[in-house]
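Asker:
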Amino acid sequence: MIRRRRHIRSLATALMLSATYPALALPSFQGDWESGLVTGSGSANWIGIQAVASDRFTLVNDGVRQGTYARVEVRSGDNPLPCCNNTERAEVYGMQNADNSQIFENLSSGTQRYSFSVKFDKSWTPISAPHSDPWGIFLQLHGNSPIPPALAFSATDQIRFNMFVGDTNSATIAKNELSNGALNAGHWIDFILTTKFTTDNSGFVNIKRRDEGESSFQEVLNLSNTPTLQFDSTAGEDAVKDHYWKSGLYRNSQNFTSVLYLDGMTREAVPPVPEPEAYAMMLIGLGFIGFSECRRRNKY
101 MIRRRRHIRS LATALMLSAT YPALALPSFQ GDWESGLVTG SGSANWIGIQ AVASDRFTLV
161 NDGVRQGTYA RVEVRSGDNP LPCCNNTERA EVYGMQNADN SQIFENLSSG TQRYSFSVKF
221 DKSWTPISAP HSDPWGIFLQ LHGNSPIPPA LAFSATDQIR FNMFVGDTNS ATIAKNELSN
281 GALNAGHWID FILTTKFTTD NSGFVNIKRR DEGESSFQEV LNLSNTPTLQ FDSTAGEDAV
341 KDHYWKSGLY RNSQNFTSVL YLDGMTREAV PPVPEPEAYA MMLIGLGFIG FSECRRRNKY
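Throughout, this note's numbering is defined as the position within the sequence shown, counted from one, plus 100.
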């Protein structure tokens, strides 16, 4: 009888906690290159590539880092697109679900968490621009073309997080400094980006960083009360278009070669924070269990 009561109490507790705290969703995308493909089908591969040659985006398995990762190389003049003069790139684009449908970020995306790793080659030369702001984007959320990306990790002399969000008719590029933006060339850096997708000030961005050899992540950027998507206030029903991710290297024109490495890109939904009512229900339930336990002890 005692075992049965304990089982009932444990089951009741588990049910209330599961109702209060939704389980984390399985990753919707896990492009860690372990499929052995640069692009392909399914939730482990990017949809397409923009590069001038196959040797600009290759996969590496060197026995030093576990598994397979990508090597990205951009040389002077590497512009695979008919647009975008004075730019150079080698990028993959389009995360996709297991059913091969492309993943877009929009107002229905909610809060998402992205985990990935980057290493800048030991030969990395700081990207510069004599008469304009330089950029060396290695992860970007592409929105309303052909304007700058909504969100972007950019590496020049250091790593920054650029944002061009809200109404594109009045938005300006914000280059957010990280509390630790060091390139740490020749060593892996792990990042966790968590963001709530919105066009108003209810959004947020949080970035954590862990350098090679470190055991824990450190917060390097925390922005609240900010939009994280782009929209065109003059476009009516099409004001908010679908945004999509690209990864690799996209830089302004340089006279040297840049090499970096990428690994472990994962996208997973973050469940909403429980409402106060949910906490109240949990406390009532735990109080009921505690009351039942007291009655049982008094009885025996």
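All C-beta atoms in this analysis are idealised placements derived from N, C-alpha and C, irrespective of residue type, glycine included.
For S358, which three-state DSSP category applies?
Answerer: Three-state DSSP puts S358 in a strand.
Asker: Could you tell me the alpha carbon to alpha carbon distance between I147 and R309, rounded to whole angstroms?
Answerer: Distance between the alpha carbons of I147 and R309: 27 Å.
Asker: Using CA atoms only, rank isn't needed, just tell me which of Q130, T294, A151 is closest to T168.
Answerer: Ranking the options by Cα distance to T168, first place goes to Q130.
Asker: For Q318 and G136, I'd like the C-alpha separation in whole angstroms.
Answerer: When rounded, the distance between both Cα atoms is 31 Å.
Asker: Who are the Cβ neighbours of A274 in its own chain at under 6 Å, not counting the five residues just before and after it?
Answerer: Result list for A274: M263, in chain order.
Asker: Looking only at its own chain, which residues have a Cβ that is under 6 Å from the Cβ of P249, when we skip the five neighbours before and after it?
Answerer: Q240, L241, H242, listed in sequence order.
Asker: Going along the chain, which unbroken runs of the beta strand (DSSP E) with 3 or more residues stay wholly within the region 197-227?
Answerer: 211-220, all fully within the region 197-227.
Asker: Which runs of the beta strand (DSSP E) spanning at least 3 residues fall entirely within the region 128-169, listed in chain order?
Answerer: Here the runs fully enclosed are 129-131, 148-150, 157-160.
Asker: Return the chain-ordered list of same chain residues with a C-beta closer than 6 Å to the C-beta of S270, the five sequence neighbours on each side being excluded.
Answerer: Taken in chain order, the list of residues that qualify is empty.
Asker: In angstroms, rounded to a whole number, what distance separates the CA positions of I292 and L181?
Answerer: If you take the alpha carbons of I292 and L181, they lie about 30 Å apart.
Asker: Quick test of your reading: I289 and V370, contact by CB under 8 Å. State the CB separation rounded to the nearest angstrom.
Answerer: Between V370 and I289 the Cβ distance is about 22 Å, and since that is not below 8 Å, they are no contact.
Asker: Rounded to whole angstroms, what's the CA-CA distance from A153 to T326? Just pull it up for me.
Answerer: Answer to the nearest angstrom: the Cα atoms are 39 Å apart.
Asker: Could you tell me the alpha carbon to alpha carbon distance between G236 and L126, rounded to whole angstroms?
Answerer: Looking at the two C-alpha atoms, the distance is approximately 31 Å.
Asker: Quick one: what's got a C-beta closer than 7 Å to S223's C-beta in the same chain, skipping five residues either side?
Answerer: So the qualifying residues of the chain are V359.
Asker: With DSSP run on the structure shown, which of helix, strand or coil describes Y121?
Answerer: At Y121 the pLDDT is 45, less than 50, meaning the model places this residue with poor confidence; the figure from the coordinates comes in the next sentence. Y121 falls in the coil class under three-state DSSP.
Asker: Specify, as a first and last residue, the run of the beta strand (DSSP E) that W288 falls within.
Answerer: Start and end: 288-296.
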